[in-house]
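As you go down the protein sequences, you meet chains A and B in turn. Mapping of the first sequence onto our numbering: position 156 corresponds to residue 156, and the numbering continues sequentially without gaps. Mapping of the second sequence onto our numbering: position 394 corresponds to residue 803, and the numbering continues sequentially without gaps. Beta carbons: idealized from backbone N, C-alpha and C, even for Gly. Accompanying notes for the structure given below.
2 protein chains.
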Amino acid sequence: MNKLFLTKQSIDQMSGVAYKSIHQKKRLLAYFAEHGPSAIGDLRRALHLSVPKVTALLNELMEEQFVRDYGKDNSTGGRPPNLYGLAAESAYFLGVDVHRTFVHIALTDFQKNIVSITEQVPYTLANTPESLNALCELIGDFIAQLQTPREKIMGVGINLTGRVNSATGFSYSFFHFQDQPLSHVIGDKIGIPVVVENDSRAMAYGEFAAGVVERERNVLFLNMDYGIGMGMVLDGQLYYGKSGYSGEAGHMPVFDNNIICQCGKKGCLETEASGWALVERFKTRVRNGATTQLVQNPEHLEAINLEAIIQAAQSDDVLAIELIAEIGERLGRGIAALINVFNPELVVLGGSLAATGDYIRLPLLSALNKYSLSLVSNDTELKVSRLGNRAGVLGACLLVQHKFLSTAD
Amino acid sequence: MNKLFLTKQSIDQMSGVAYKSIHQKKRLLAYFAEHGPSAIGDLRRALHLSVPKVTALLNELMEEQFVRDYGKDNSTGGRPPNLYGLAAESAYFLGVDVHRTFVHIALTDFQKNIVSITEQVPYTLANTPESLNALCELIGDFIAQLQTPREKIMGVGINLTGRVNSATGFSYSFFHFQDQPLSHVIGDKIGIPVVVENDSRAMAYGEFAAGVVERERNVLFLNMDYGIGMGMVLDGQLYYGKSGYSGEAGHMPVFDNNIICQCGKKGCLETEASGWALVERFKTRVRNGATTQLVQNPEHLEAINLEAIIQAAQSDDVLAIELIAEIGERLGRGIAALINVFNPELVVLGGSLAATGDYIRLPLLSALNKYSLSLVSNDTELKVSRLGNRAGVLGACLLVQHKFLSTAD
DNA sequence: CTTGTTTTTTAAAAATATCAAAAAGAAGGG
DNA sequence: CCCTTCTTTTTGATATTTTTAAAAAACAAG
Numbered sequence: 001m002n003k004l005f006l007t008k009q010s011i012d013q014m015s016g017v018a019y020k021s022i023h024q025k026k027r028l029l030a031y032f033a034e035h036g037p038s039a040i041g042d043l044r045r046a047l048h049l050s051v052p053k054v055t056a057l058l059n060e061l062m063e064e065q066f067v068r069d070y071g072k073d074n075s076t077g078g079r080p081p082n083l084y085g086l087a088a089e090s091a092y093f094l095g096v097d098v099h100r101t102f103v104h105i106a107l108t109d110f111q112k113n114i115v116s117i118t119e120q121v122p123y124t125l126a127n128t129p130e131s132l133n134a135l136c137e138l139i140g141d142f143i144a145q146l147q148t149p150r151e152k153i154m155g156v157g158i159n160l161t162g163r164v165n166s167a168t169g170f171s172y173s174f175f176h177f178q179d180q181p182l183s184h185v186i187g188d189k190i191g192i193p194v195v196v197e198n199d200s201r202a203m204a205y206g207e208f209a210a211g212v213v214e215r216e217r218n219v220l221f222l223n224m225d226y227g228i229g230m231g232m233v234l235d236g237q238l239y240y241g242k243s244g245y246s247g248e249a250g251h252m253p254v255f256d257n258n259i260i261c262q263c264g265k266k267g268c269l270e271t272e273a274s275g276w277a278l279v280e281r282f283k284t285r286v287r288n289g290a291t292t293q294l295v296q297n298p299e300h301l302e303a304i305n306l307e308a309i310i311q312a313a314q315s316d317d318v319l320a321i322e323l324i325a326e327i328g329e330r331l332g333r334g335i336a337a338l339i340n341v342f343n344p345e346l347v348v349l350g351g352s353l354a355a356t357g358d359y360i361r362l363p364l365l366s367a368l369n370k371y372s373l374s375l376v377s378n379d380t381e382l383k384v385s386r387l388g389n390r391a392g393v394l395g396a397c398l399l400v401q402h403k404f405l406s407t408a409d
Numbered sequence: 410m411n412k413l414f415l416t417k418q419s420i421d422q423m424s425g426v427a428y429k430s431i432h433q434k435k436r437l438l439a440y441f442a443e444h445g446p447s448a449i450g451d452l453r454r455a456l457h458l459s460v461p462k463v464t465a466l467l468n469e470l471m472e473e474q475f476v477r478d479y480g481k482d483n484s485t486g487g488r489p490p491n492l493y494g495l496a497a498e499s500a501y502f503l504g505v506d507v508h509r510t511f512v513h514i515a516l517t518d519f520q521k522n523i524v525s526i527t528e529q530v531p532y533t534l535a536n537t538p539e540s541l542n543a544l545c546e547l548i549g550d551f552i553a554q555l556q557t558p559r560e561k562i563m564g565v566g567i568n569l570t571g572r573v574n575s576a577t578g579f580s581y582s583f584f585h586f587q588d589q590p591l592s593h594v595i596g597d598k599i600g601i602p603v604v605v606e607n608d609s610r611a612m613a614y615g616e617f618a619a620g621v622v623e624r625e626r627n628v629l630f631l632n633m634d635y636g637i638g639m640g641m642v643l644d645g646q647l648y649y650g651k652s653g654y655s656g657e658a659g660h661m662p663v664f665d666n667n668i669i670c671q672c673g674k675k676g677c678l679e680t681e682a683s684g685w686a687l688v689e690r691f692k693t694r695v696r697n698g699a700t701t702q703l704v705q706n707p708e709h710l711e712a713i714n715l716e717a718i719i720q721a722a723q724s725d726d727v728l729a730i731e732l733i734a735e736i737g738e739r740l741g742r743g744i745a746a747l748i749n750v751f752n753p754e755l756v757v758l759g760g761s762l763a764a765t766g767d768y769i770r771l772p773l774l775s776a777l778n779k780y781s782l783s784l785v786s787n788d789t790e791l792k793v794s795r796l797g798n799r800a801g802v803l804g805a806c807l808l809v810q811h812k813f814l815s816t817a818d
């Protein structure tokens with residue numbers, strides 16, 4: 001039954017009609033994945049095929065269980081068309097969102113529903129083979145506990161921070177121990193094809209495919225955490241750059257300060273407009289006598305970390321709100337630069353700092369008006385992530401689904 | 410004969426096979442345009458068609474004069490394959506590169522050769538109907554003087570500065586007098602389909618399709634003139650953004666100065682790293698007593714303009730070279746930001762300032778090392794435009810050709 | 001000149017589109 | 001409430017297009 005998902009080698013050995021048939025079926029499924037259940041007429045127009053041909057393809061796909069009849073659509077005057085769509089339980093996709101101290105793992109069905117999810121599984125990310133093994137075990141455990149039969153899981157998507165080239169399957173910042181691509185290494189261990197992806201890009205895709213993005217085709221997604229990452233959807237496609245290192249917005253040199261960034265350079269956006277900068281500024285203010293819910297004794301600043309500050313802001317801590325606004329204002333300068341360059345329809349604020357909602361969004365918005373060309377920024381909406389901390393793990397699942405239905409070859 | 414180039418309306422009325430046949434033929438021609446003369450076997454693989462089908466299509470295209478037999482390729486051991494390619498004289502494309510005080514006009518054949526070109530035609534760009542009429546007359550004069558029959562000119566590409574949406578045909582900064590798109594307005598006047606495009610984007614496409622770009626698929630093109638514009642080729646496609654306003658790199662807020670930019674904001678890249686900034690700094694230095702070939706009397710600074718400074722640098726004027734290096738250094742900061750975001754394979758330096766070659770390129774390069782993540786900038790090459798001041802006009806021609814062969818619908 | 005290799009042509013087989021007919025509702029009238 | 005008419009979708013038979021597979025052709029090398 002799993003005849004649709006093939007390796008690149010087998011494509012060359014395939015006969016012309018076999019290739020064509022698979023290509024057409026994938027295009028049908030991809031159309032369903034993007035547009036939901038559809039009538040034969042729509043499919044015909046979109047794929048430039050005849051009605052009988054589409055009917056035949058759909059019948060085969062229904063035989064293969066990938067497609068299901070979704071009943072009648074509302075009539076437009078005459079006979080109502082039949083709707084066909086993906087059969088939710090015919091294929092599943094697993095996503096793993098790896099953070100420094102925990103992972104999220106989720107399984108989605110063919111209809112993009114979350115079937116099973118475990119969040120905040122304790123895990124320590126380190127660039128060691130042991131850490132990689134531990135990750136594979138966590139994935140194995142998750143699969144073992146599922147109701148879903150293993151062979152129905154068509155792929156596993158894994159998000160990692162740092163430099164990842166999802167086309168080749170290589171991760172350079174983490175787990176780069178072998179000559180083989182990491183995706184193959186893990187894929188061999190767990191026996192399911194693997195796609196590795198950069199975390200911010202996966203989050204961007206999550207919001208794009210199932211989040212706050214509606215019809216927009218040019219979207220910037222800001223992953224605001226301790227650092228600042230960015231995922232970009234341009235002309236409806238995830239953008240990678242030459243070797244998957246795009247989106248390092250946090251290291252744009254936009255300030256004239258002397259703060260040394262993690263990357264070793266000075267003046268990076270991150271040095272003044274990131275979770276890291278927020279924590280530093282918070283500590284400095286407390287040391288200088290500012291009061292906050294978070295700490296009573298200015299000698300003991302251990303309790304101050306990013307999550308704590310975000311929580312404090314949500315409980316109306318004045319200092320937290322004030323400093324988050326400052327961060328938003330500075331971030332606005334960086335985003336203004338990006339808007340001038342990309343002319344996007346939408347900028348999505350994501351990552352842990354996005355949980356502060358309008359506390360960060362509104363100062364950012366006013367900075368945008370200050371720094372970006374008004375004509376350009378009038379084109380651009382600014383929204384807060386809808387998926388929140390599930391953006392990554394959902395993005396991983398959906399990205400695997402997308403890759404399996406892609407006809408790029 | 411001109412059956413391949415159709416309006417969008419007629420596509421819907423077309424029968425399925427007619428559409429398919431045109432689609433396939435266009436794909437063949439587009440393949441030739443990109444890869445040059447090719448053998449049937451290559452075409453078969455690239456288009457996923459059978460050999461007899463490709464043969465039949467080629468025969469029709471040869472009948473229609475678009476394709477020509479280019480003789481035998483070198484044998485790989487057995488029978489040598491026949492090469493087919495575009496017939497240079499079967500279709501022509503006209504490009505018009507509009508500057509403030511002059512225009513370049515050129516005609517290219519189907520093989521991307523320049524058939525005829527007139528450069529620096531005096532013309533005054535103003536946002537008035539008269540100026541638009543004058544432009545149309547210049548185009549008409551150019552066509553009248555050609556040997557090429559008018560009906561073989563498949564399209565006219567026109568580059569304008571400012572905000573241009575080439576998909577809809579609207580230009581907003583210039584000639585926006587009617588509700589109709591500008592491309593239709595001009596097209597009706599001269600009787601040939603028109604494509605309007607932003608100048609920097611057209612230049613970027615020129616370098617991409619026939620200039621310094623070889624196999625790179627992610628390329629940033631800097632148009633360094635009085636202002637700083639940018640055209641972007643991402644994943645092998647020109648990037649437009651939501652409404653064709655992308656690439657405003659000159660207005661990224663990266664400096665903390667108080668110089669007010671043309672756009673009304675402060676701190677724009679252009680305020681310190683553009684031809685405009687170069688002229689201002691040059692004047693200031695001369696007023697403060699610096700010596701230069703350009704002026705003897707510091708009271709008379711009229712002779713100082715961008716072209717003069719560039720020429721002075723080329724004749725080894727120390728002040729010019731020094732200030733150009735300064736501009737390059739500052740521009741490096743902006744480009745570093747872009748490289749961090751785009752992870753491109755190549756950044757092309759174009760526009761009039763590019764004529765200074767290594768005088769601007771080398772300081773820029775060292776600034777890049779200072780400001781961008783080394784891993785990212787190691788991926789990126791920095792080259793000077795090959796087409797020089799012909800990038801725009803050639804880009805206009807090639808972009809029209811590209812649009813006419815596109816199967817996007 | 002023969003043999004080996006690769007490309008091109010050809011004719012039979014398969015796949016696909018077209019067009020006409022049938023089916024499935026919706027709307028309106030008796 | 002049922003029947004007729006209207007509209008649109010779906011099906012089926014036929015015509016067309018496309019692929020397949022086998023034969024022929026073109027050239028290189030021995």
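Check: Within 8 Å, do at least three Cβ pairs link the stretch 352–361 of chain A to the stretch 303–323 of chain A?; Outcome: yes
Check: Decide if Q520(B) is buried, meaning its Cβ has at least 16 other Cβ atoms within 10 Å, or exposed.; Outcome: buried
Check: Would you call the stretch 186–198 of chain A and the stretch 120–129 of chain A touching, i.e. three or more CB-CB distances under 8 Å?; Outcome: no
Check: Where does N2(A) sit, in a helix, a strand or coil, going by DSSP?; Outcome: Any reading at N2(A) must be qualified, since the residue scores a pLDDT of 45, below 50, and its modelled position is unreliable; no value is offered.
Check: Taking C-beta pairs closer than 7 Å, name the residues in chain B that L234(A) reaches, listed in chain order.; Outcome: L643 and Y648
Check: Measuring CA to CA, which of G241(A), A209(A) and P253(A) is closest to I228(A)?; Outcome: P253(A)
Check: Rounded to the nearest angstrom, what separates V185(A) and C268(A) at their Cα positions?; Outcome: 35 Å
Check: So, with DSSP's three-state summary, where would you put K53(A)?; Outcome: helix
Check: Shortest alpha-carbon distance to R559(B) belongs to which of N749(B), A500(B) and P490(B)?; Outcome: A500(B)
Check: Under 8 Å, with one C-beta from each stretch per pair, do the stretch 360–367 of chain A and the stretch 393–403 of chain A reach the 3-pair mark?; Outcome: no
Check: With DSSP as the reference, identify every bridge partner of R477(B), one or two as the case may be.; Outcome: G494(B)
Check: What number of angstroms, rounded off, separates the C-alpha of D141(A) from the C-alpha of D97(A)?; Outcome: 15 Å
Check: Measure from the C-beta of R333(A) to each C-beta in chain B and report whether the shortest distance is under 8 Å.; Outcome: yes
Check: Mind listing which residues of the stretch 748–771 of chain B have their C-beta closer than 7 Å to chain A's C-betas, in chain order?; Outcome: N749, V750, F751, N752, P753 and E754
Check: Tell me F93(A)'s beta-bridge partners as DSSP assigns them.; Outcome: T108(A) and G155(A)
Check: What residue from D256(A), E248(A) and V341(A) has the CA that sits closest to C263(A)'s CA?; Outcome: E248(A)
Check: Please check if any C-beta of chain B sits within less than 8 Å of the C-beta of Y31(A).; Outcome: no
Check: Could you pull out every residue in the same chain whose Cβ sits closer than 7 Å to the Cβ of M1(A), ignoring the five residues on either side in sequence?; Outcome: With a pLDDT of 39 at M1(A), under the threshold of 50, the predicted position of this residue should be treated as unreliable, though the coordinate-derived value follows. E64 and Q65, listed in sequence order.
Check: Alpha carbon to alpha carbon, what distance is there between K674(B) and N667(B)?; Outcome: 9 Å
Check: Please name the residue in V195(A), S173(A), I117(A) and V318(A) whose C-alpha comes closest to that of M154(A).; Outcome: V195(A)
Check: Across which residues does DSSP place F255(A) in a beta bridge pair?; Outcome: Per DSSP, none; premise fails for F255(A).
Check: So is L782(B) in contact with chain A if we call contact Cβ pairs under 8 Å?; Outcome: yes
Check: How is the alpha helix (DSSP H) around I22(A) delimited, first residue to last?; Outcome: G16 to H35
Check: Would a C-beta distance cut-off of 8 Å place I449(B) and P490(B) closer than the cut-off?; Outcome: yes
Check: Residues of chain B with CB closer than 7 Å to the CB of H251(A), please, in chain order.; Outcome: N749 and L782
Check: Go to P558(B), then tell me how far its alpha helix (DSSP H) extends in each direction, as first and last residue.; Outcome: Taken as a continuous stretch (DSSP letters only), P558(B) belongs to no alpha helix (DSSP H), as it is neither H nor E.
Check: Using three-state DSSP, classify V793(B) as helix, strand or coil.; Outcome: strand
Check: Compare the beta carbon distance of I232(A) and L220(A) with 8 Å and say whether it is the shorter of the two.; Outcome: Reading the sequence as shown, one finds Met at residue 232(A) and not Ile. Result yes, Cβ atoms of M232(A) and L220(A) sit closer than 8 Å.
Check: Examine chain A for any beta-carbon lying closer than 8 Å to the beta-carbon of V663(B), and answer yes or no.; Outcome: yes
Check: Can you name the start and end residues of the alpha helix (DSSP H) that V318(A) belongs to?; Outcome: V318 to F342
Check: Quick one: is G16(A) near chain B, going by C-beta distance under 8 Å?; Outcome: yes
Check: Just to confirm my understanding: we take Q401(A), look at its own chain, exclude 5 residues before and 5 after, and list those with CB closer than 6 Å. What are they?; Outcome: F93
Check: Please look up how many angstroms separate the CB atoms of D788(B) and Y123(A), rounded, as I've assumed it's under 8 Å.; Outcome: Rounded, the Cβ-Cβ distance is 31 Å, inconsistent with contact.
Check: Closest to Y649(B) by CA distance: which of V688(B), I733(B), Q529(B) and G578(B) is it?; Outcome: G578(B)
Check: Could you tell me whether the stretch 45–57 of chain A touches the stretch 17–26 of chain A, where touching means 3 or more Cβ pairs closer than 8 Å?; Outcome: yes
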